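Colleague: My numbering numbers the first residue of the sequence shown as 157 and each following residue consecutively. Cβ atoms here follow ideal geometry from the backbone N, Cα and C, with glycine treated the same way. This one's a predicted model, so the numbers in the text were calculated from it and none came from an experiment. Have a look at this one.
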Amino acid sequence: AYDNIGLQLPGVVRPVYTSRWKWSIAFGTQEWPHAAESPLLEARYWFNSGFAPNEPPSLEWMWLPFGGWTERAMLQYAGTVDTLGVGVDRCVYDQARMFAVEEETEEETEEELTVSQYEELRKLIIAKANEARAFTQKVHDAVVARLGAAENKIAALEARRPAPKPAPKPRVQYVIVKSGDTADKWFNSEDALIRFNPNFRTLAYRADGSIMRRFTNRRWNDIYPPEQLRIK
157 AYDNIGLQLP GVVRPVYTSR WKWSIAFGTQ EWPHAAESPL LEARYWFNSG FAPNEPPSLE
217 WMWLPFGGWT ERAMLQYAGT VDTLGVGVDR CVYDQARMFA VEEETEEETE EELTVSQYEE
277 LRKLIIAKAN EARAFTQKVH DAVVARLGAA ENKIAALEAR RPAPKPAPKP RVQYVIVKSG
337 DTADKWFNSE DALIRFNPNF RTLAYRADGS IMRRFTNRRW NDIYPPEQLR IK
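Now the structure itself:
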């Protein structure tokens, strides 16, 4: 159909209106063989239908090449936006990319707006700005409300979470000294022995915790059966 139109209407510029998303669904990564001579009119809405930003985006806004095109000639950035009581699509385009522009021999004069037309335009701009501001505030309030509800739920879950169990106490281990034992069998230094047995220099204990013998200041390898020593 594309080539038939070209044969019937020679010299007519034949643009393609599509979106990157729809093109990928229909053709995947396939390139359009006529991309070089077919200007791309791309639909890529800014927000939901019916809303447009105060300032139009640039023609290159979020441009990603696809289908063999290296640039777009037109960007449809908003759809069905209320404009002077009518829902219209809003676009930005480059006239030079759309079609060849012939040099005009006569300079056209731009018609000047009247004071009342300027006033109507000013009121329209203010009204649209207020609508956009109200929409932004509505979205902001909804986000804040949902965030607050989520934080409350998290706080409630945190409150119901059981307290962590205390870390287990280190296991205490004792040995009973036998004949021929020396302290270095269990300890690599006197400091290590004293750390677990602080009264070692003056007292020796039995397995039941009673005092077996008293000393003035015994040496660390001076141990006696059946003395009890803590090794952990």
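1) Within 10 angstroms of its Cβ, does R370 collect 16 or more other Cβ (buried), or is it exposed?
2) So for M368, helix, strand or coil by DSSP?
3) For G224, which of Q251, Q186, S214 has the nearest alpha-carbon?
4) Can you name the start and end residues of the beta strand (DSSP E) that A191 belongs to?
5) Output the distance between the C-alpha atoms of G241 and K284, rounded to the nearest integer angstrom.
6) Distance, Cα to Cα, I387 vs A348?
7) Which of the three DSSP states is assigned to F222 in this structure?
8) Taking contact to mean 3 or more Cβ pairs, one atom from each stretch, closer than 8 Å, check whether the region 192-211 and the region 225-239 are in contact.
9) According to DSSP, is R374 helix, strand or coil?
10) In the DSSP assignment, find the alpha helix (DSSP H) that holds V295 and state where it starts and stops.
11) Considering Cα atoms alone, identify which of L197, P354, Y173 is closest to D250.
12) Return the bridge partner residues of T358 from the DSSP annotation.
13) Taking 8 Å as the line, does the beta carbon of I379 fall inside it for any heavy atom of the ligand ADP?
14) Excluding the 5 residues preceding and the 5 following T372 in the sequence, name in chain order all residues of the same chain whose CB lies nearer than 8 Å to its CB.
15) From the DSSP output, which residues share a beta bridge with E227?
16) Tell me which same chain residues have a C-beta within less than 8 Å of the C-beta of V333, skipping the five on either side of it?
17) Anyone know if the C-beta pair for V248 and L215 falls short of 9 Å?
18) Between A192 and S175, is the Cβ-Cβ spacing less than 9 Å?
19) Just checking my contact of N377 with A339 at CB under 8 Å: how many whole Å lie between their CB atoms?
20) Could you tell me how far apart the beta carbons of R246 and E227 are, in whole angstroms, since I believe they sit closer than 8 Å?
21) Going by C-alpha to C-alpha distance, which of R374, I367, A360 sits closest to E346?
22) Taking DSSP as the reference, what is the three-state secondary structure of I332?
Modeller: In short:
1) If you number the sequence shown from 1, residue 370 lands on position 214. With fewer than 16 Cβ atoms within 10 Å of its Cβ, R370 is classed as exposed.
2) On the sequence shown, residue 368 is found 212 positions in, with the first residue counted as 1. Of the three classes helix, strand and coil, the one that applies to M368 here is strand, per DSSP.
3) Locating residue 224 in the sequence shown gives position 68, where the first residue counts as 1. Among Q251, Q186, S214, the Cα nearest to that of G224 is on Q186.
4) Walking along the sequence shown from the start, residue 191 turns up at place 35. Here A191 belongs to no beta strand (DSSP E), and DSSP marks it neither H nor E.
5) In the sequence shown, the residue the question calls residue 241 occupies position 85. In the sequence shown, the residue the question calls residue 284 occupies position 128. So the alpha carbons of these two residues sit roughly 12 Å apart.
6) The sequence position of residue 387 within the sequence shown is 231, counting from 1. The sequence position of residue 348 within the sequence shown is 192, counting from 1. Between I387 and A348, the C-alpha separation is close to 9 Å.
7) Walking along the sequence shown from the start, residue 222 turns up at place 66. Strand.
8) yes
9) Your numbering for residue 374 matches position 218 in the sequence shown. R374 falls in the coil class under three-state DSSP.
10) As a position in the sequence shown, residue 295 is number 139, starting the count at 1. Where V295 is concerned, the enclosing alpha helix (DSSP H) stretches over 271-316.
11) Reading the sequence shown from its first residue, position 94 is the one you call residue 250. Here the closest residue by C-alpha is L197.
12) For this step, residue 358 is matched to residue 202 along the sequence shown. Answer is none; T358 lacks a bridge partner.
13) This structure lacks the ligand ADP, and indeed carries no ligand of any kind.
14) What you label residue 372 is simply residue 216 of the sequence shown in a count that begins at 1. Correct list, in chain order: T358.
15) Looking up residue 227 in the sequence shown gives position 71. In DSSP, E227 forms no bridge with anything.
16) Within the sequence shown, numbered from 1, the residue matching residue 333 stands at position 177. Counting only Cβ-Cβ distances below 8 Å, and skipping sequence neighbours, we find I379, Y380, P381, P382, E383, Q384, L385.
17) The residue you call residue 248 lines up with position 92 of the sequence shown. The residue you call residue 215 lines up with position 59 of the sequence shown. A contact, by the Cβ cut-off of 9 Å.
18) If you number the sequence shown from 1, residue 192 lands on position 36. If you number the sequence shown from 1, residue 175 lands on position 19. Not closer than 9 Å, so no.
19) Along the sequence shown, read from residue 1 onward, the residue named residue 377 stands at position 221. Along the sequence shown, read from residue 1 onward, the residue named residue 339 stands at position 183. Confirmed, Cβ separation roughly 5 Å.
20) Counted from its first residue, the sequence shown places residue 246 at position 90. Counted from its first residue, the sequence shown places residue 227 at position 71. Not quite, the Cβ-Cβ distance comes to about 20 Å (not below 8 Å), so this is no contact.
21) As a working mapping, residue 346 is identified with position 190 in the sequence shown. For E346, the nearest C-alpha among the options comes from R374.
22) Here the question's residue 332 lines up with position 176 in the sequence shown. Of the three classes helix, strand and coil, the one that applies to I332 here is strand, per DSSP.
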